[in-house]
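Okay, structure first, notes after.
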Amino acid sequence: MLSNIGIPGLILILVIALIIFGPKKLPEIGKAVGQTLKEFKNSTKELTEDEHDKDYSKQSSEEQKAEDKKSTD
């Protein structure tokens, strides 16, 4: 969807935003959007790390069970 916009489309969007919000509000809006994206990125990273940790702990427990089985045989 966004790959079809191009440079002229982005310039048009920025001009419309400048007209609607005014030059004083644009830095505040940009800062808010940046903080939101940063929080989203951090949350996504945490979820990915949690999934990786779960997979690793599951793999470790399976390896431990295999070792226990070998030692009892």
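Heads up, the sequence shown is in my numbering, so the first residue is 45 and it goes up one at a time. Ideal Cβ placement from N, Cα and C applies to all residues, glycine included.
DSSP-derived helix/strand/coil call for residue 75:
In the structure shown, the three-state DSSP call for residue 75 is helix.
Under a three-way DSSP split, which group does residue 52 fall into?
Reduced to three states, the DSSP call for residue 52 is helix.
Cβ neighbours of residue 77 in the same chain (closer than 7 angstroms, five flanking residues each side left out)
Once the five neighbours on either side are set aside, residue 77 has no close Cβ partner at all.
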